[in-house]
Amino acid sequence: MKPDQDTGDLFDSICDELRPYCWPETFLEVAAEVIAWRKSRNPHHIDTAVLVCSQAGAPITPAVQAELARAANLRLTGETAGTARKVRKERVHSWALLLIANLHHAGLDVGTAARKVAGLTHGYYKPSTLEKNFGSRMRQRYEREYKPAWLQNIPNHQSAWREIAERLPEALEE
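Quick note: the sequence shown, position 147, residue 146 per numbering that gives the first Met the number 0, numbers continuous.
This is the structure:
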């Protein structure tokens with residue numbers, strides 16, 4: 000099996016295992032962190048996946064447990080790489096894209112949402128970077144996972160986010 004197929008299958012497996020227990024933003028984040036761990040060998044990614052499950056009250060699924068055991072083994076042999084700081088910065092990016100998705104769902108165009116969210120990242124990301132990354136990384140996920148769940152399961156989701164959008168200032172120019 001090709002590595003990309005393997006990680007794609009793992010991603011899908013984690014999403015399928017967690018779907019009954021949590022919202023799409025949670026199971027997608029857990030799956031993304033596990034795949035990031037798999038690709039980078041940075042154990043802080045798998046730690047983040049476990050923490051997200053714990054905070055959401057979701058179980059640590061068999062697929063996540065297997066990767067957790069792999070990370071523990073590599074930690075003991077000193078074969079891991081990466082820092083917690085890098086993972087934190089990546090989480091800010093993921094959070095920013097999810098916030099853009101919420102604001103977009105509330106009716107803002109992606110560019111305006113990116114400008115508002117960039118101001119909240121305190122200089123980590125420019126509006127143009129967030130807008131570009133939303134288009135390339137999040138648009139399909141938004142249409143496939145987030146939007147249907149929000150429309151079906153969360154009353155007043157759009158109106159609540161419209162109110163938030165009105166209150167958020169836009170970032171200063173790049």
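Just so it is clear, CB atoms sit at the ideal spot from N, CA and C, and this is done for glycine as well. All values derive from a computational prediction rather than experimental measurement.
Should residue i be flagged as near chain D, meaning a C-beta pair shorter than 7 Å?
{"i": "residue 122", "result": "The displayed structure is made up of one protein chain only, and chain D is not part of it."}
Just checking my contact of residue i with residue j at CB under 8 Å: how many whole Å lie between their CB atoms?
{"i": "residue 149", "j": "residue 103", "result": "That belief does not hold up - the Cβ atoms of residue 149 and residue 103 are roughly 11 Å apart, past 8 Å."}
{"i": "residue 169", "j": "residue 114", "result": "4 Å"}
{"i": "residue 174", "j": "residue 91", "result": "One cannot answer for residue 174 here, as it falls past the ends of the chain, which runs 0 to 173."}
{"i": "residue 16", "j": "residue 62", "result": "6 Å"}
{"i": "residue 117", "j": "residue 129", "result": "6 Å"}
{"i": "residue 123", "j": "residue 85", "result": "Not quite, the Cβ-Cβ distance comes to about 12 Å (not below 8 Å), so this is no contact."}
By alpha-carbon positions, which one of the options ends up nearest to residue i?
{"i": "residue 31", "options": "136, 68, 115, 125", "result": "136"}
{"i": "residue 157", "options": "15, 44, 101", "result": "101"}
{"i": "residue 58", "options": "49, 65, 66", "result": "49"}
{"i": "residue 19", "options": "8, 60, 38", "result": "60"}
{"i": "residue 167", "options": "131, 111, 88, 138", "result": "111"}
{"i": "residue 175", "options": "113, 98, 78", "result": "Beyond the ends of the chain as shown, which are 0 and 173, falls residue 175; an answer cannot be given."}
{"i": "residue 5", "options": "164, 160, 66, 131", "result": "66"}
{"i": "residue 81", "options": "55, 120, 38, 123", "result": "38"}
{"i": "residue 95", "options": "106, 119, 86, 84", "result": "119"}
{"i": "residue 83", "options": "51, 131, 52, 43", "result": "43"}
{"i": "residue 33", "options": "55, 68, 54, 164", "result": "68"}
{"i": "residue 14", "options": "144, 165, 164, 159", "result": "144"}
Determine the extent of the alpha helix (DSSP H) in which residue i is found, giving its start and end residues.
{"i": "residue 134", "result": "From DSSP, residue 134 is part of no alpha helix (DSSP H); its letter is neither H nor E."}
{"i": "residue 96", "result": "83-104"}
{"i": "residue 61", "result": "61-75"}
Using three-state DSSP, classify residue i as helix, strand or coil.
{"i": "residue 121", "result": "coil"}
{"i": "residue 166", "result": "helix"}
{"i": "residue 40", "result": "coil"}
{"i": "residue 107", "result": "coil"}
{"i": "residue 149", "result": "helix"}
{"i": "residue 56", "result": "coil"}
{"i": "residue 25", "result": "helix"}
{"i": "residue 20", "result": "coil"}
{"i": "residue 144", "result": "helix"}
{"i": "residue 8", "result": "helix"}
{"i": "residue 78", "result": "coil"}
**Message:** Three or more C-beta pairs under 8 Å: does that hold for the stretch 18-35 against the stretch 69-78?
**Reply:** Judged by Cβ distances under 8 Å, the stretch 18-35 makes no contact with the stretch 69-78, as fewer than three pairs qualify.
**Message:** Tell me whether the stretch 140-149 and the stretch 17-26 touch, counting them as touching only if at least three CB pairs, one residue from each stretch, are closer than 8 Å.
**Reply:** Between the stretch 140-149 and the stretch 17-26 there are three or more C-beta pairs closer than 8 Å, enough to call the two in contact.
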